[in-house]
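Beneath this line is the structure, given in structure tokens, with notes to follow.
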Amino acid sequence: MYDIYEHRHSLAVWGAGRAYSRQGPGHTIAMAKHLIEKSGLGAINTADHLPPSEKMNDFIHERIQAVIDASQGVYYPKRTKGEPDAREALVCTYGRAQKLVNMYLKIKIVCAGYHDHPHVKNLHPPLDAVLLKALNSSIEIDHKSDLKVFRSKLAIAKALGKAWTKFDRSTYDAYIAAIRIFQGGQPLWAVERLWSPEREALPA
């Protein structure tokens, strides 16, 4: 029977698929659904399926790696005008996989009434150009945090990479570390107060 979990799953697949696919050959919403379901990410239905906050980093990295593993050996049709159709191997970077994982969990868990659940506090925000650009100029840091320390951490992350679609794990970890300082005692997901959908078209 069609239930609310499947209903939320469909919405989360659509939203995450739209978000992670930017300028990614072969990365369609249908591909997102395949990766989410094959990796086991889609089995997460409530905040009770998440680990305690202190284990969240490892959990997220496991989910990201599972998506990357699910992309191995997957091909998509490449069509070029005037040429026969070809098959290309799908390439799913760590940066693209994190966007899929974190956006899916944002929609299915955080925005489904579980935002105050203790397991949700350390869920990672989806990293993209809009959020990173906002972080670079914001001074809305938690009152318990040190702005200079945050700026130093952010500079380290930016030196490793700026294009989220090309992030490796080290670069991703560096940005999450900076965001953790920025948020202080606030939930990590709440850093998206800086994120505005209408800013999406702005250059990074």
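Counting from 1 along the sequence shown, just add 838 to a position and that's the residue number in this note's numbering.
All residues carry an ideal CB built from backbone N, CA and C; glycine is no exception.
As the structure is a prediction and not an experimental result, all values here were calculated from the model.
- According to the DSSP assignment, Glu900 belongs to the alpha helix (DSSP H) that extends over Met894 to Ser909.
- Taking C-beta atoms under 8 Å as the contact rule, Leu961 and Leu943 qualify, at a distance of about 6 Å.
- Straight-line spacing of the CA atoms in Tyr843 and Asp1011 works out to 30 Å.
- For the pair Val939 and Arg901, the CB atoms are nearer than the 8 Å cut-off.
- Under the 10 Å beta carbon count, Ser990 is surrounded by fewer than 16 other beta carbons and is classified as exposed.
- The DSSP-derived three-state label of Tyr913 is strand.
- Gly1023 and Ala950 have their C-alpha atoms spaced approximately 22 Å apart.
- For Glu926, the secondary structure class from DSSP, reduced to helix, strand or coil, is strand.
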